[in-house]
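Here's the structure, in C-alpha cells; my notes come after.
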Amino acid sequence: MSIDARLAELGITLPDVAAPVAAYQPAVRSGVHVYTAGQLPFVDGALPVTGKVGDGEGLVDPATAADLARICALNALAAVRSVVGSLDDVRIVKVTGFVASHASFTGQPAVLNGASTVLGEIFGDAGTHARSAVGVAVLPLDAPVEVELIAELTA
Numbered sequence: 000m001s002i003d004a005r006l007a008e009l010g011i012t013l014p015d016v017a018a019p020v021a022a023y024q025p026a027v028r029s030g031v032h033v034y035t036a037g038q039l040p041f042v043d044g045a046l047p048v049t050g051k052v053g054d055g056e057g058l059v060d061p062a063t064a065a066d067l068a069r070i071c072a073l074n075a076l077a078a079v080r081s082v083v084g085s086l087d088d089v090r091i092v093k094v095t096g097f098v099a100s101h102a103s104f105t106g107q108p109a110v111l112n113g114a115s116t117v118l119g120e121i122f123g124d125a126g127t128h129a130r131s132a133v134g135v136a137v138l139p140l141d142a143p144v145e146v147e148l149i150a151e152l153t154a
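So, in C-alpha cells, the structure goes:
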C-alpha cells in the first residue's frame with residue numbers, strides 16, 4: 000500500500016509545508032537522508048496554542064501537547080515530501096522533540112508519543128525510530144512543542 004493510500008485510510012491530509020520563521024530550509028536532502036528543520040505545530044499558518052507544558056492553571060496540558068506533537072510530525076512529513084516527492088520509500092530513523100516545559104514537568108516522553116505514534120500508524124515498521132525528548136525553557140513563537148526528524152530513503 001502506498002503511503003498516500005495509508006494516509007487516506009487514516010483520514011490524514013498532510014498540510015502544506017510551513018513557511019520558515021527565519022533563515023533556513025524546512026528540509027534538506029543529503030545522500031539517502033532527509034533532515035527536517037524543527038517543525039512547530041502550525042495549523043493554517045498559526046499556532047493553535049502557545050505556552051509552557053505542565054499540569055495546572057495557565058499551562059498547556061500534556062494531552063494537548065501530545066496532539067501538538069502529532070501536528071509537528073505531520074508538518075515534518077510534509078517537509079520531507081517537498082524534497083523527495085513521495086513518501087513511499089521513506090523510513091523514519093530519528094525523531095527529536097522539544098517541549099517548552101514548566102519547571103516541574105517531567106512528562107516530555109509522553110508528549111512526544113504524539114509524534115511517534117502517528118509515524119508508526121503511517122509507516123508501520125518503517126516508522127519505528129530512535130528518539131530524544133527534551134524539556135526546554137522556551138521555544139520559538141512560544142510554541143509548546145517542536146519536532147524534527149531524520150528520514151532515510153530506502154530505494
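Here numbering that gives the first Met the number 0 is used: the first residue of the sequence shown is 0, the next is one more, and so on. Glycine included, C-beta positions come from ideal geometry on N, C-alpha and C. In this text the structure is predicted, and so the values were computed from the model without any measurement.
The beta strand (DSSP E) that contains residue i, what's its start and end?
| i | result |
| --- | --- |
| L152 | V144 to L152 |
| A26 | A26 to S29 |
| S131 | A129 to V135 |
| T35 | H32 to T35 |
Quick one: is residue i buried, meaning 16 or more other Cβ sit within 10 Å of its Cβ, or exposed?
| i | result |
| --- | --- |
| L140 | exposed |
| P108 | exposed |
| G53 | buried |
Quick one, are the C-beta atoms of residue i and residue j less than 8 Å apart?
| i | j | result |
| --- | --- | --- |
| R69 | A114 | yes |
| A142 | P19 | no |
| I91 | L148 | yes |
| S100 | V135 | yes |
| L138 | F104 | no |
For residue i, tell me which candidate among the options has the shortest Cα-Cα distance.
| i | options | result |
| --- | --- | --- |
| T35 | F122, Y23 and V42 | Y23 |
| D66 | E56, P47 and A150 | P47 |
| A77 | V133, G106, E8 and V33 | V33 |
| K93 | S103, A75 and V83 | A75 |
Could you tell me the boundaries of the alpha helix (DSSP H) in which residue i lies?
| i | result |
| --- | --- |
| I11 | Note, I11: premise wrong, no alpha helix (DSSP H); not H, not E. |
| A62 | P61 to V83 |
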